[in-house]
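For reference, the structure is listed below as C-alpha cells.
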Amino acid sequence: MKSKNSKPQPPLDDLDRAILNEIQSHFPLVIRPYAEMGEKVGVSEEEVLARVKRLHEAGIIRRIGANFTSRKLGYTSTLCAARVPPEKLPHFAAVVNRYPGVTHNYLRKHRYNVWFTLIAESPDRLAEIIEEIRKAGGVEEILSLPAKEIFKIKVDFPM
Numbered sequence: 001m002k003s004k005n006s007k008p009q010p011p012l013d014d015l016d017r018a019i020l021n022e023i024q025s026h027f028p029l030v031i032r033p034y035a036e037m038g039e040k041v042g043v044s045e046e047e048v049l050a051r052v053k054r055l056h057e058a059g060i061i062r063r064i065g066a067n068f069t070s071r072k073l074g075y076t077s078t079l080c081a082a083r084v085p086p087e088k089l090p091h092f093a094a095v096v097n098r099y100p101g102v103t104h105n106y107l108r109k110h111r112y113n114v115w116f117t118l119i120a121e122s123p124d125r126l127a128e129i130i131e132e133i134r135k136a137g138g139v140e141e142i143l144s145l146p147a148k149e150i151f152k153i154k155v156d157f158p159m
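Have a look at this one:
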C-alpha cells in the first residue's frame with residue numbers, strides 16, 4: 001500500500017543499492033566518509049555525493065544522522081494507542097507531530113486507530129505529554145503501553 005506522501009521513485013541501479021547499503025549499515029566514522037564509501041563501491045567521492053543528493057531529493061533517503069540508544073541516555077519510551085474519530089484525525093495527527101519525542105505516528109484500521117511512539121525524560125513526563133496530547137487533540141482515551149523488554153530496535157533494508 002502506498003502512502004499518501006509517496007511519489008514516483010527513480011529506478012535504483014546496483015551502485016545506488018551498494019551506496020544505500022553502506023549508508024544504512026556501515027557508515028564510516030572518518031573525516032571523509034563519502035570518499036571511503038566510494039572506495040568500497042568503486043567510484044569517486046563526488047559520484048557518491050551526487051547519488052546521495054539525488055536519492056535524498058527523491059525522498060529515498062530521509063535523513064542521515066546518528067541514532068542514539070535513548071534508554072542509555074536516561075530516557076523512557078512508550079507505545080501509545082488512541083481512538084480518534086475520523087473528523088478529528090488531521091487535527092490529532094498535527095498535535096501529536098508537534099512533539100519532538102514522537103518518533104512514529106500511524107493511522108491503523110483498528111478500534112484504536114492512531115498509534116505513535118513517544119520518548120521523554122521520565123515516566124512522569126511521558127504521562128504529562130500524553131495528557132497534553134489527549135486534551136489538545138480532543139480525544140477521550142490514549143493507551144500507554146511501555147516496553148517491558150526490547151527485543152529488537154533496528155532495521156536494515158538489504159538492497
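Positions 1 to 159 (full-length UniProt numbering) are the ones given, in order, by the sequence shown. All C-beta atoms in this analysis are idealised placements derived from N, C-alpha and C, irrespective of residue type, glycine included. The model shown is predicted, which means the values in this text are computed figures rather than measured ones.
So what's residue i in DSSP terms, helix, strand or just coil?
i	result
D13	coil
S122	coil
H104	strand
A18	helix
E141	coil
P158	coil
A66	coil
V84	coil
V52	helix
I153	coil
V114	strand
Output the boundary residues of the beta strand (DSSP E) element that contains residue i.
i	result
L73	Element bounds for L73: n/a, residue is neither H nor E.
Check whether the Cβ atoms of residue i and residue j sit closer than 9 Å, and answer yes or no.
i	j	result
T69	L118	no
A136	N113	no
A35	E45	yes
K88	V139	yes
A18	K40	yes
R62	L15	no
F157	L20	yes
Indicate whether at least one CB of chain B lies closer than 9 Å to the CB of residue i.
i	result
E149	Among the chains in the structure shown there is no chain B, since it carries only a single protein chain.
Select from the options the residue whose C-alpha is nearest the C-alpha of residue i.
i	options	result
Y75	E132, A18 and D124	D124
E121	R134, E87 and L73	L73
N97	D13, F116 and I19	F116
H104	A147, R71, L20 and C80	C80
L143	K154, A66 and I129	I129
E149	A93, R71 and E57	R71
R108	P86, I133 and V95	P86
P11	S25, K53 and I60	I60
V102	A66, L29 and L126	L126
H91	G42, G65 and R134	R134
Could you spell out where the alpha helix (DSSP H) holding residue i opens and where it closes?
i	result
F27	No alpha helix (DSSP H) contains F27, which DSSP labels as neither H nor E.
A35	P33 to V41
A93	L89 to N97
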